[in-house]
Structure formats: structure tokens, C-alpha cells
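For reference, the structure discussed in these notes is given below.
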Amino acid sequence: DGMTEEWNSRQLLANYQTKTKTITAVTFSDDGDLLASGDSDGFVTLYQASKTNQAYEHYHSFSSHQTTFDYLKSINIFSAIKQIRFLPKHTTSDYLLSTNEKTIKLWKIGQKNIKRNNNTEPDSLFPKVSTQSKEIYSEEAKTYKMAHEYDIHSIDILTDGESFLSADDLSINLWNFESSQAFNVTNTIPDVVENTQEVITCTTTHPTHNSLFIWGTSTGCVNLGDLRSSSIVDSPNSVYKGKIIAQSESFFSEILSSLSSVAFSEDGNTILARDYLSLHLWDIRKRKKPIDSILLFNHYRPHLCSLYVDNSIFDPFSCSFGKDDDTLITGSYNNNLVFYNRNTSAQDSLYVGTDPEGESGEIDTENKVLQMYLHKQKNVLATAGSNILSVFFSEH
Amino acid sequence: WAHIVSIIVDQISEMAGEQEEVLQIFADEMKTEDKFLRLNAVRNLSVVATALGGEATREHLLPFLQEVLDDDDEILLCIAEQVSNLTELVGSENTHSLLPVLESLASVEENIVRAKAVEVIISIFEEMDSESVNSHIFPLVTRMVGAYWFTSKKSACEIIPPVYSRSDNETKEKLVEYFKNLAEDEIPMVRKSAANELKNLVGFMNKNDIVEDLLPTYHDLAHDDQDSVRILGVNNSTAIASVVGDDNEALITVITDLFKDKSWRVRYAMAEKVDVLCELCSPQVRQAFVLRRFMRLMKDSEAEVRAASARKISAIAKGISVESVVENILPIVDKLKVDEEKYVRSALASDISNLAPLLGGEICVQRIVPLVLELLKDEFSEVRFNIINNLDEITNIIGIEELAQNLLHAIVQLAEDPQWRVRIKIIEYTPLLASLLGETTFTERLSALCIAWLGDRVFSVRQAASENLHTITQLFGIPWANTNIIPKIQELAHNSNYLYRMTSLFTVSTLCAIVGPEEIQGIMIPLVVNMANDSVPNIRFNVCKTLQELSLLVDSNYVQNEIKPCLTQLLEDEDRDVRYFASLALQKCNQ
Chain A
1 DGMTEEWNSR QLLANYQTKT KTITAVTFSD DGDLLASGDS DGFVTLYQAS KTNQAYEHYH
61 SFSSHQTTFD YLKSINIFSA IKQIRFLPKH TTSDYLLSTN EKTIKLWKIG QKNIKRNNNT
121 EPDSLFPKVS TQSKEIYSEE AKTYKMAHEY DIHSIDILTD GESFLSADDL SINLWNFESS
181 QAFNVTNTIP DVVENTQEVI TCTTTHPTHN SLFIWGTSTG CVNLGDLRSS SIVDSPNSVY
241 KGKIIAQSES FFSEILSSLS SVAFSEDGNT ILARDYLSLH LWDIRKRKKP IDSILLFNHY
301 RPHLCSLYVD NSIFDPFSCS FGKDDDTLIT GSYNNNLVFY NRNTSAQDSL YVGTDPEGES
361 GEIDTENKVL QMYLHKQKNV LATAGSNILS VFFSEH
Chain B
1 WAHIVSIIVD QISEMAGEQE EVLQIFADEM KTEDKFLRLN AVRNLSVVAT ALGGEATREH
61 LLPFLQEVLD DDDEILLCIA EQVSNLTELV GSENTHSLLP VLESLASVEE NIVRAKAVEV
121 IISIFEEMDS ESVNSHIFPL VTRMVGAYWF TSKKSACEII PPVYSRSDNE TKEKLVEYFK
181 NLAEDEIPMV RKSAANELKN LVGFMNKNDI VEDLLPTYHD LAHDDQDSVR ILGVNNSTAI
241 ASVVGDDNEA LITVITDLFK DKSWRVRYAM AEKVDVLCEL CSPQVRQAFV LRRFMRLMKD
301 SEAEVRAASA RKISAIAKGI SVESVVENIL PIVDKLKVDE EKYVRSALAS DISNLAPLLG
361 GEICVQRIVP LVLELLKDEF SEVRFNIINN LDEITNIIGI EELAQNLLHA IVQLAEDPQW
421 RVRIKIIEYT PLLASLLGET TFTERLSALC IAWLGDRVFS VRQAASENLH TITQLFGIPW
481 ANTNIIPKIQ ELAHNSNYLY RMTSLFTVST LCAIVGPEEI QGIMIPLVVN MANDSVPNIR
541 FNVCKTLQEL SLLVDSNYVQ NEIKPCLTQL LEDEDRDVRY FASLALQKCN Q
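Chains A and B, in that order, give the protein sequences.
Numbering of the first sequence is given in the numbering used here, commencing with residue 1 and proceeding in unit increments.
Numbering of the second sequence is given in the numbering used here, commencing with residue 1 and proceeding in unit increments.
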């Protein structure tokens, strides 16, 4: 239990009072200078690390996506931001990708000098320009649309800095930033769509290798694809599939094995996957058996029926490695962020809510930590619990 | 022109009063919120500069421009374009004063602006004298190479080759040093830029320098982590090979590695350039090295690579002996023709016929013809089309008889394909087939088809069929048309469906351009005039349109006696459109 003690300094960045507006995406820029959060109304809010003290200040917000209506299918396309990813910073402006369920947009966040002409020298009428202040603006640089039949759930940028992947339930596309054309790299659509047994639930790219990426499925598989091997990665290059830790096969077995998120370790050799009750660790070189499967949330089991009824069983919790590869972090209910140490098998919780409550046996599904992002170099942990966005600073 | 400009300038100066006011006006316009006003102001930059004159431009306008460069990309692009027009104004010995603005623009994130700025810098550099180059261009390159943001480094990669070509030996060494550093930069996009520019640099270097200085860099870039960098090694290989020759071991090693690269995209790029490479090599190297590698590509695991190499078969075959083709390439071709990917088969079909002239009659009959016949029966229509398209290559060697039977079968199948676009395509090939088959065979087997197309369900097909008849008539002559086509058109004119009657009308107008006056007067016009009483208004006004065209082809007496009465009758038609077209036609007749 000492794992969460270091995260003792907390800054509350946002606390939405309305239940309808939730935070749906959280990410840091590569250097940790900017923190971006996306919400269900399609807004992206940016916070910048202060230079003077350990805090983040509001930098800019803009409306990234609006809810639109698809006339052909007679359904709404919601504005909720599914994921945000920063591009590596290469000029004074910042670029980020933000996506809702159908359209991905590249946003440029820049600073404009507000200029004044000062004619300070009376004998010269040539204007001198001076900068009074900077104004931050956001501009939609590119739109990547009409490439996904189903709802997009993940995007991730490849290490060459020039391309990115976007994934929906049955396909993954490769885009080049400059062009607006997508190339399909993975397509799991069966001949008859109604026969779909397995959907893609999450995707992420390898941290260092340009051609590798993984996707998790609803049957608990992690698939590794290599963009070099063929133009369409129809069958994954490696599949990591284990047995579900189930005392008995139950009605919920299939739903419980669906992966909600996958992540790579910093060196890219270990894969972390989260299904509803457990975390699974795989070494990418060993496909037959996971390194470990950690049943963290067995206490949900008695409540599965009610969790199923209110749809909480489908909550997409994210997961990540901690500051070193021995610590694993994932979100849960009651506004708790769960830490797990692989060496000691110890578990600890960090409360990220605003009203510390007493020990309650109830599982509070209204307050859950779905999004989190740890920036190792800057020692900051950002968490989004439904409508609360906080950052935690480590004392180390 | 100069005279007019100077008048305008004088007037502007008069209107503006002082030079300062001109700049003030410009500065104010650049402050506005409205992007279009700013854009307009920038478009008139040369006017402002002319009004200010060379000196004031250098001392005040250009520094001012430096301050307003955090603007919209569209405006920045315009600034870059306008600056390039200022070279004459600032004076040819002072063009370096334009460089600071361009240097800033060359570090912008947006590619179009950056590329334009680089282009302008290079064009200014080309006109500069050597002293200015040393005192201004070289420091500029140095700054860009060491810049913080990667965009400047990208621009530096593009500027180094032309600057190298005009530098002394000492500077050349430094520039190569810079280039090598850029090729090792930690940001992939800089390395990609370096890889892209390597071939241009090679163009300016002599063989020894390339071998000593550039080969190691070329090697490293071709083994880079990123696919996008390695892939550029392909073009660099051909550039270096053309200077250094094919016996350099380091070069051969890199090329071998590229052929074997793990990423299919790199192998694909090699497949596309393998013919260029082949040509640069001596016959022994071709046989021993390029051919072996090419054979591997034809058997590659990735379909795209196989398709790309299939397109290069004849190009490679040109460079090696006939025996070698038969022994090495044809066996693999036999496998490709049954490849499970239709695009591979399609690519093969588009190139296979080109082998015929290289192999000669006997081998052609033995090996190529069976191949072609099999591809003609392929289930994917594009494969069949690609064969038909290049048939003349084969028939030139062996004549049409061997293929005729199967060819006709394939054509008939395609002609009845349920997809209308396929039907149109085969119609487009018909004239070629007609010339290959000769009049007798064609008339026997295909002319009925040509007429049948006139009755297709789809309008575009009917239209294409009409035009086809025009081309065939040109090929075979009017008597042929008289015997084979015109009777059928007359029949069509009495069809119960008005759409087919329209088709016959349309065909008449396309044919009239080429048939003789006897046909026009004896058959065509009477046919058209007959339809003036048709029950459908569309037919009637098309009659007017057709008569209008036909009237140009006959003498005025005929027009008076036959055409005008018909049109006059239609002037009284109950349908408005008919009356309109009739009056239009009469107008034209009267002219």
C-alpha cells in the first residue's frame, strides 16, 4: 500500500455539474506541456503546464465536433469525443487529432501576435510593429471523413509522424496526414455481416516501431499486426489469446472477456489488456500463454446482473503501465483508480472524486474513472472520472 | 510596359503623397481582422514596393513583412509568390535582402508554403554572383541546418544540392557534411527529406566523391527504421547506379537488401523500378543478379508486389536473352496466370502480349498463345480486356487465325456482360478488332453484334454503338455500310419502341458525316423526313435537329425542296419544343 501515496498533490481542473456532460477522452502531449480533455458535447479543452509552479492552467477550448444527423440511415452522429492524440511537436504550433464516432479532425493550435503599430519616432512615419499580446487560436487543418462504416473508437499515431491509424468495430484504416485518403489495413467484416462473431474494441500503435500495432477484440484476443508484411493485414501476425479466468462458464463469460483497452509498455515488449474483471499481461514474443492474468475486480461478480442491466458491464475502462513496468494502473467504480504491483501482488486505490466517502459496499457506477493518462517524464497523472478532471503530481 | 508602369508609379506616388504613407496604408491593411482584405493587400505587394522604390523596400517594407509572418497559410503563400517578383526592384546585387523573409517562410509547418519559399530561394540563388552566394546563401544554409524546428532542416535538404553545384571545393565539403548530419537526424521526416534529395545531390557530384562521401549515407538511409525513408533508397539506387556503374559492391549490397526488404512497400517500389535498374546494368549483371531478384519478386508473398512485377515482364525480357526468358521467366508466368488475386492476373494480361515480338513466331505459338487463350477465358473481365487491348502485338507476329475462334467467343461473352460499363468497353475495342479480323470475318461474326448493340437497354451503350458504326464505316467503306448497316437502321426506324427509333435517328446523323451524297439524299433524309410524323414529340424535335445537321451536307436546291417543307410543317406542331427546334433549324437553313 504505498503505491498511491506519492500522488498526494492534486489539482482539480474541471468538475461538470450536469450529469449529461462527461469527460470522454484525456491525453497529454509528448512533452507533457499540454493536457487535452474531450467531452461528450464535442468540446476539446487544453491545459498548459505552468512554468512557475506545479499546476496546469486553462489554455484554450474549442468545439471540435457537433452532433449531426445522418439522413441516409436516420440516426444521430454524436459529438462525443472518442479519443484525442497529440502529434509530436515540431514547430511553435501544436497539432492534435480528435475524433468522434465518424469523423477525425486535425486541429492546429497556434499563437497569434496581436500587433500594434507604434509610431514612436516623430520624424519617421514608417510604422514600427510591436507585439502587445498573444492570442491563442484553433484551426481545423484537415478533416478525415467517410472512411468508417461503423463507429470509430480509437485512433493512434505512428512513429514516423506522417501517418495514423483509426479503428472501428470491424476495420482499421491507415491515413497519411497530408492526404485525405484512407487505406484499409485490417478488415474483419465477414461475408455476411450478420454473422459477425467478433468485433474490434480498441487499437494502439507500438511506441517505437513504426509498423507494429495491436488491436483487442470482444472475445478477449489481442492481435498484433505488422504493416510491412502485406497491404491488408487480414490475419494478424500474432494472436494472443488466453483462457478466461472463470470459475464457471456463465451467461456473462463472453461479455466479461471483451477487452476494453490495450496498452504497450514503454519498450514495447509487453502488452497490457483490460477486460471487465481482470488485467492480462503478454510478452509479445510468447503467444501461447500470458505472463500473468490478474483478477482485480472479483468483487463485481455478485453484482453482475445489475451491472448488466444498467449497461455498466460494457464500460470501456482504460489501462496503462505505471512509472515502471511493474506497476499497472486501471480505472474502476466509486471514482477509484486502482494500482497493482506485479512483484508484490499488492493493490491500492487512489480516490479521484470530490466527496470522500466512507467504506461503502455499494458499487457506485455513476462515478467511474474511465480515462486516465500517465506522463512519466513529467510525473503527472491525469484522471477523468465521469465529470471530474484532475491531475495528480508525484512528489518524487 | 515599363513606360506604363512608371506612369502608374508616379501617379501612386502623387496620390499617396509620401512613401511613408504608402507603407502606412499597407500596414493598416495587414492589421485588419478580415482575411480577404489582408490577402488582397499582399497581392498588391509589388505595387507597394514599386511605389516605395528599391531602397525603401529593402530598408522598411521587407523588415515589416518579417513581423507579419504569423498569419494564415494562404497569405504566407501569397507573400512568398510576391517576394519572388521583387528581384528586379531591389536590384540584382541586392537580392539577398529578400532572403530573411524567405528563410522564415521556409520554416513554416504548411508544406505548400515551405516548398514555395524554397523554390524562390533557389531561383534567387541561381541568379546571384559567387560573392553573394558565399556571404549570404551559405550562412543561410548553415542556419537552417542547425535550426531548432525540423521544418527548416527539411528545407535545408532541398537547398543543398543546387548550392553544391555552384560551390568551391571547400564549401562542397562542408555541404556534404551538413547533408550527412541531416541524414542522421533523429526526426524521421528530416531523414526522409535527406533521402529524397540524395538523388539530386548525386546528380551534381562526380563519381569519386559519391563513392567516398555519399555511399555510406546512402547505405544507412536504405536501412533506416522507417519504411518511408527506406523506400526512397530505390530511386537513389538508380541515380547512383547511373553514375557509378554496376560493379560497386556497396551499391549491389544495398540493392540486394532493398529487394529483400521486410516491408512490402519497399519491395513494391523496387518492382516498379526494376526495369530502370536492369537497363543500367551490364548484361552479365542483369542475368546473374537482376533477373534472379526479379524472379523472386514475381513470386512474392504480397499480391501488390506480384502485380507490379507482372507489369515489368516484357521490360526485363528485353534486356536478357531469349533462352533466358524461356527458361526462367515463362515458368513463373505460368504460375501467375492462375494467381488467386485478380489484379495480378490483370497486370499480367496487360503486359504478356509485349513478349511476342521479343520471342519470335515459334516460341510465341508454343508458349504465349496458350497463355493468352487461357487469360481470355478468365472470369475477371478486366483480364480479358487487357488481353484484347494488346492483341495487335501478337497478331503482328503470328496472324489472327490462331486466336480468332477463342477471341470471338470472348468478345461475344463480354458483349453480353450484365455490367453495362463492360459492354461499353468492348464496343470501344471493336474498331481495333475489325482491323485485325478483316472485313470478311468481321462481317460474318461481329456485324450482327454491332447492330444488336443499337438496341441495348442502356442509353450510353446505344450511343457508343452508334459511334462505333461510324468508325467501322470509315474503316470498311460506304459500300459495306450500304450492305450491312443501313438496311438495319431503316428497320430500326420502324421499331415500336420510341427509344430505338431515336437511336436510328442518332445513328443517321453520325453516319451522315461520312457517307456519300447519294446515300444522304436517297436514304437518310427520306428516313428522317418520314419520322416527322412520329407520335412522340421527342422524335419530332430530334428530326428537326438532325435535318439541321444534314442541311449542311446537301446542296441548296435539295434543302429547298425536301428539307424546308418538312421543317415548315413542324413549325405548326402542337408541341412547343418541336416548334422551337423547327424554327431554329429553319433559321440555320436560311443562312
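Cβ coordinates follow ideal geometry from the N, Cα and C atoms, glycine included.
Distance, residue j Cα to residue i Cα
i	j	result
D275/B	I329/B	14 angstroms
S386/A	K21/A	8 angstroms
Q111/A	N85/B	30 angstroms
L175/B	P216/B	16 angstroms
I332/B	E177/B	46 angstroms
V90/B	R166/B	23 angstroms
D44/A	K89/A	Note that residue 44/A is Val in the sequence shown, not Asp. Distance between the alpha carbons of V44/A and K89/A: 18 angstroms.
F437/A	L553/B	Chain A is shown from 1 up to 396; residue 437/A falls before or after that span and cannot be answered.
S132/B	S92/B	10 angstroms
E304/B	Y268/B	7 angstroms
D577/B	I489/B	25 angstroms
V508/B	V383/B	35 angstroms
T27/A	N210/A	21 angstroms
I368/B	A356/B	7 angstroms
N40/B	E29/B	9 angstroms
Y300/A	D71/B	55 angstroms
D310/A	T365/A	9 angstroms
Nearest-angstrom Cβ-Cβ length linking residue i and residue j, presumed shorter than 8 angstroms
i	j	result
S237/B	V254/B	7 angstroms
V413/A	Q11/A	Not covered by the structure: residue 413/A. The range shown for chain A is 1 to 396.
L224/A	V185/A	Between V185/A and L224/A the Cβ distance is about 13 angstroms, and since that is not below 8 angstroms, they are no contact.
C157/B	S123/B	With a Cβ gap of about 18 angstroms, C157/B and S123/B do not count as contacting.
S466/B	L454/B	7 angstroms
For residue i, the nearest candidate out of the options (CA to CA)
i	options	result
P517/B	R540/B, L550/B and T546/B	L550/B
L170/A	D234/A, S230/A and Y308/A	D234/A
L106/A	D41/A, R342/A, W175/A and A55/A	W175/A
Q413/B	E197/B, I400/B, I427/B and V202/B	I427/B
Y59/A	S253/A, H65/A, H280/A and Q48/A	Q48/A
G360/B	K337/B, R345/B, L336/B and I398/B	I398/B
S104/B	D73/B, M128/B and G319/B	D73/B
F69/A	D30/A, E266/A and K102/A	K102/A
I114/A	L102/B, L511/B, V68/B and K153/B	V68/B
L492/B	V528/B, I121/B and C512/B	V528/B
S263/B	I539/B, R230/B and A434/B	R230/B
F297/A	S265/A, R285/A, I313/A and R287/A	I313/A
R286/B	E20/B, L547/B, A317/B and F385/B	A317/B
A25/A	N187/A, N53/A, S64/A and T18/A	S64/A
Same chain only: Cβ atoms within 6 angstroms of residue i, ignoring 5 sequence neighbours per side
i	result
S332/A	V338
A582/B	C544, L567, L570 and L571
H148/A	D168
A481/B	T473
D123/A	With a pLDDT of only 49 at D123/A, under the threshold of 50, the placement of this residue in the model should not be trusted, and no figure is reported.
G322/A	I329
I313/B	D351
Neighbourhood of residue i by C-beta distance below 7 angstroms, restricted to the same chain and skipping five residues each side
i	result
G477/B	none
D339/B	R306 and R345
A49/B	T57, L61, L86 and L89
Beta-carbon proximity list for residue i, same chain, < 8 angstroms, skipping 5 on both sides
i	result
A246/A	Low local confidence applies: a pLDDT of 47 at A246/A is under 50, so the model's placement there is unreliable, and no value is given.
D417/B	S381, R423 and I426
K564/B	L586 and C589
beta-carbon residue i near the ligand PLP non-hydrogen atom, thresh 6 angstroms
i	result
Q569/B	Because no ligand of any kind appears in the structure shown, any question about the ligand PLP cannot be addressed here.
Every unbroken beta strand (DSSP E) within the segment 278-341 of chain A, with a cutoff of 3 residues, ordered by chain: 278-283, 292-295, 319-321, 327-331 and 336-341
I'd like the ranges of any alpha helix (DSSP H) spanning at least 4 consecutive residues and lying wholly in the segment 435-505 of chain B. 439-445, 447-453, 459-476, 478-484 and 486-492
At which residue ranges does the segment 188-255 of chain A contain complete beta strand (DSSP E) runs of 3 or more residues, listed in the order of the chain? 200-205, 212-217, 222-226 and 238-240
Can you list the alpha helix (DSSP H) stretches of 4 or more residues lying completely in the segment 337-371 of chain B, in chain order? 342-352 and 356-359
At 3 residues or longer, what runs of the beta strand (DSSP E) sit wholly inside the segment 131-165 of chain A? 154-157
So within the segment 149-179 of chain B, which uninterrupted alpha helix (DSSP H) runs reach at least 4 residues, ignoring any that extend past its ends? 150-165
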